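In this note's numbering, the protein residues as written are -18 to 154. For glycine and all other residues, C-beta sits at the position ideal for the given N, C-alpha and C. Keep in mind it's a predicted model, so treat the numbers as computed, not measured. Below is one structure, written out as structure tokens, with a few remarks after it.
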């Protein structure tokens, strides 16, 4: 059973809950999103495996998940980079934000999301249980794709790009 950390709006831990139940009940929980760039200032995206419990087959940032109880957010981000994408690298936290969105399959994401960035140039080694495909994309092409085809991307990725573009991407423009 996978647990998530329930938090208040100030990111104070208030308990834990089974992951699926937290998404069914729309309980606020801690999450993270990792954005990895190459030396050409392109962003590594991954396409979620089609069978994922929500948002299957959609493109999103390099890695995203939830820390487990007793695990720091940055430790969890490093762990999931390895588990999902088959590599690890130095990452730095850029910001955190609250969002709540209804998803497919009757689930809701209600998260306090910590956003990390880092640099890496090699191809990932995909965990096919988590990731269906990957690519590097220029920020110019990403911005155009988000405008023309927003439904190809996860809710949280679109929110981050819409609301926090400068904070995340400024040093890569």
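**Request:** Please list, in chain order, all residues of the same chain as residue -11 whose beta carbon is under 8 Å from its beta carbon, the five residues on each side excluded.
**Result:** -5, 9
**Message:** Less than 8 Å between the beta carbons of residue 78 and residue 145, yes or no?
**Reply:** yes
**Item:** Close Cβ partners of residue 35 (< 6 Å) along its chain, the five nearest in sequence each way excluded
**Value:** 84, 85, 86, 88
**Message:** Judging by CA-CA distance, which residue of 1, 4, 25, 7 is the nearest neighbour of residue 107?
**Reply:** 25
**Prompt:** By DSSP, does residue 51 sit in helix, in strand, or in coil?
**Reply:** coil
**Request:** Taking only the alpha-carbon atoms, compute the straight-line gap between residue 115 and residue 27 and give it to the nearest angstrom.
**Result:** 4 Å
**Message:** With distance defined between alpha-carbon atoms, name the residue in 6, 52, 67 nearest to residue 109.
**Reply:** 67
**the region 46 to 53 in contact with the region 124 to 132 per 3-pair CB rule at 8 Å** = no
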